[in-house]
Amino acid sequence: MVTFTQPGNYRVNVTYSQDGCNITEDFTISSIALPADNTTSSSMSAAKQASGDIQVKFKGSLAQTYIFTYTINNGPDQMITSTPSGEAIVLHSKGQVGTMVYRLKSIRFVNEEACPVAINNKEIIVNINPDCPTPGVVMLMDSILRGCTSDMGARRLSELNPVTVSNPPSDTRVTRLVSGTGIVIKEGNEVFMIRNSNALPKTLTLPANKTHIQGAIIYHHDHFYEGVENGKWIRVDND
Numbered sequence: 001m002v003t004f005t006q007p008g009n010y011r012v013n014v015t016y017s018q019d020g021c022n023i024t025e026d027f028t029i030s031s032i033a034l035p036a037d038n039t040t041s042s043s044m045s046a047a048k049q050a051s052g053d054i055q056v057k058f059k060g061s062l063a064q065t066y067i068f069t070y071t072i073n074n075g076p077d078q079m080i081t082s083t084p085s086g087e088a089i090v091l092h093s094k095g096q097v098g099t100m101v102y103r104l105k106s107i108r109f110v111n112e113e114a115c116p117v118a119i120n121n122k123e124i125i126v127n128i129n130p131d132c133p134t135p136g137v138v139m140l141m142d143s144i145l146r147g148c149t150s151d152m153g154a155r156r157l158s159e160l161n162p163v164t165v166s167n168p169p170s171d172t173r174v175t176r177l178v179s180g181t182g183i184v185i186k187e188g189n190e191v192f193m194i195r196n197s198n199a200l201p202k203t204l205t206l207p208a209n210k211t212h213i214q215g216a217i218i219y220h221h222d223h224f225y226e227g228v229e230n231g232k233w234i235r236v237d238n239d
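The sequence shown maps to residues 1 to 239 in this note's numbering.
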């Protein structure tokens, strides 16, 4: 299993030595273009893709037609036929946010003969973040609480299982309460802060306009932190 946690262009080479079944797979992982701000990006910042679908590419080792079978998130088998050059491209809509697992299951030649290789654990996890209007803002997007960053789009904040409420409110968009570290929720007339008792607090060097407040959530160096005791902070956004 290969996990990509940042958008960008990655090339995965897998070589089989039998019968022209060598394959090269190109996966393009994308994030949207974000408004410019004064945040300094690190050298590891991923390139932004302003438009266009995400390409998942399968390529056989020979210039001939192949049939690739794959699944997305353990869904039904899907097939795609390559061009005569041996290359097949799956176009994944950039507007479909979330986590998608593409799993290559089998390779056949155009005459339906199976490629005699075992394909095990051939999967890649692709995370796509939605558009992010303003870095530093926390908002509910598609029923998921997200924090907007300058580098990674709107990242999902730490979540546990959804809370079951005995008498859920009838107001729009509040029937699903999201529980997780550093998140404030309301149940009835009570407001709760969900804390992370297992995380190790760290001391941050903060500018004067970001003083410590216990229970607060701040945006600092492109991450979100919850203020805890003794002037320390616990990071609450996901990698």
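Every residue, glycine too, gets a C-beta built ideally from N, C-alpha and C.
Distance, Leu104 Cα to Ile234 Cα: 38 Å
Reduced DSSP category for Gly75 - H, G, I as helix; E, B as strand; rest coil: coil
Residues bridged to Lys105 (per DSSP): In DSSP, Lys105 forms no bridge with anything.
Neighbourhood of Gly136 by C-beta distance below 7 Å, restricted to the same chain and skipping five residues each side: Cys148 and Tyr219
Beta-carbon contacts of Gly86 that lie in its chain and below 8 Å, excluding the five residues immediately before and after: Lys59, Gly60, Ser61, Leu62, Ala63, Gln64, Thr65 and Tyr66
Short CB-CB distance (under 8 Å) between Phe224 and chain C: Absent from the structure: chain C. Only one protein chain is present.
Nearest-angstrom Cα separation, counted from Ile217 out to Val228: 10 Å
Pair within 8 Å by beta-carbon distance, Ile107 and Lys57: no
Local conformation of Gln229 per DSSP, three classes: Here residue 229 turns out to be Glu, not Gln, going by the sequence shown. It is helical.
Per DSSP, the bridge partner or partners of Val138: Gly147
Residues sharing a beta bridge with Gln55, DSSP: Leu91
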